[in-house]
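Below is one structure, written out as structure tokens; the observations come after it.
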Amino acid sequence: MERKRGKTMRINVLQHTPNEGPGAIKAWSQAHGHQMYVYHPYQFNGVLPSAAETDLLIILGGPMSPNDDLTWIKQERQLIQQLLDRNVPMFGACYGAQQIAKVLGAPVTTAPAKEVGWAPVYLQSHVIPQLPEKLTALHWHQEMFGIPDGAELLFSSDLVRNQGFVFGHEAIGLQFHFEPEADDVREIVVNDGQYAADSALHQTPADILAAPVPAENRQVMFQLLDYLTAE
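The structure is reproduced here in structure tokens:
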């Protein structure tokens, strides 16, 4: 399948909880004149796009695990496999990255530390040009992915090594979040702030809200999507 890189694309977003939306990804889509369609398979009986109508797939985070025995979670992985077979690019955040990794044959396991809050991540590969060596990202997880065969480790944190991977020009998965902007962070925290309890980062919901969203996170999110969709 020939990609529509450089042309108007249909971006299909899989959103898995009401308070974790596309954030800066939506801004990138609008800046490029693309069309975004947001699906909520956890709520609407597993409704998903078809591979044929997908030019870029975004798989967002959520409270579920790829290891959960739910039909729609398995159907998501079938879609991911179909898109990989068709050379269609995709980006996954947190649970979304875990779904991609699992399709690529890597395990999803309990992380060595529960990370909830703001913490630095460190660049481990220069395959994507001009990314900063260190960034501060929002973490909201206690599981992690293995690095799939054929993928490169992209980011690590102080507590969890496997924080990001890049699989050719086909897929990028991040265990943390670059996509939330200020309003998104507030939405995440006011609804799910209790999840910060027992985090190894030792940040309260108030601490997380008080921290400004780093301006470079939007820029890096744009760089990652540009890399996936470059001609």
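When we follow UniProt numbering, the leftmost residue of the sequence shown carries the number 1, and every step to the right adds one.
Just so you know, even glycine gets a beta-carbon here, dropped at the ideal spot from N, CA and C.
When the Cα atoms are used, what is the spatial distance from residue i to residue j?
i, j, result
"R218", "F178", "7 Å"
"L138", "D158", "14 Å"
"V166", "G96", "13 Å"
"E2", "L84", "Any reading at E2 needs caution, since the residue's pLDDT is 44, under 50, leaving its predicted position unreliable; the model's value is listed next. Rounded to the nearest angstrom, the two C-alpha atoms are 13 Å apart."
"S65", "H32", "32 Å"
"K102", "L225", "21 Å"
"A210", "T204", "10 Å"
"W140", "F91", "17 Å"
"S29", "T54", "14 Å"
Taking Cβ positions only, does residue i come closer than 8 Å to chain B?
i, result
"I188", "In the displayed structure, chain B is absent; only one protein chain is listed."
Pick helix, strand or coil for residue i, following the three-state DSSP scheme.
i, result
"E171", "It should be pointed out that residue 171 corresponds to Ala in this sequence rather than to Glu. The answer is strand: DSSP assigns A171 an E or B state."
"F222", "helix"
"R3", "In this prediction, R3 has a pLDDT of 49, which is less than 50 and means its spatial position is unreliable; what the coordinates show is noted afterwards. Coil, per DSSP."
"A31", "helix"
"V190", "helix"
"T54", "coil"
"A206", "helix"
"R77", "helix"
Does the separation of the CB atoms of residue i and residue j fall below 8 Å?
i, j, result
"Q99", "I80", "yes"
"A119", "L201", "yes"
"A27", "V88", "no"
What does a CB cutoff of less than 7 Å around residue i pick up in its chain, not counting 5 residues either side in sequence?
i, result
"T109", "E143, M144"
"I73", "M64, P66"
I'd like the list of long-range same chain contacts for residue i, defined as Cβ closer than 8 Å, with 5 residues on each side in sequence excluded.
i, result
"V160", "A111, P112, A113, E115, M144, Q175"
"V47", "Y39, H40, P41"
"S125", "E152, L153, L154, V166"
Is residue i a contact residue of the ligand ATP, with contact defined as CB to any heavy atom under 7 Å?
i, result
"L56", "The ligand ATP is not among the ligands present in this structure, which contains no ligands whatsoever."
Who are the near neighbours of residue i in its chain, counting only those whose CB is closer than 6 Å to its CB and skipping five residues on each side?
i, result
"A24", "E179, E181, R218, M221"
"Y227", "I128"
"L135", "V121"
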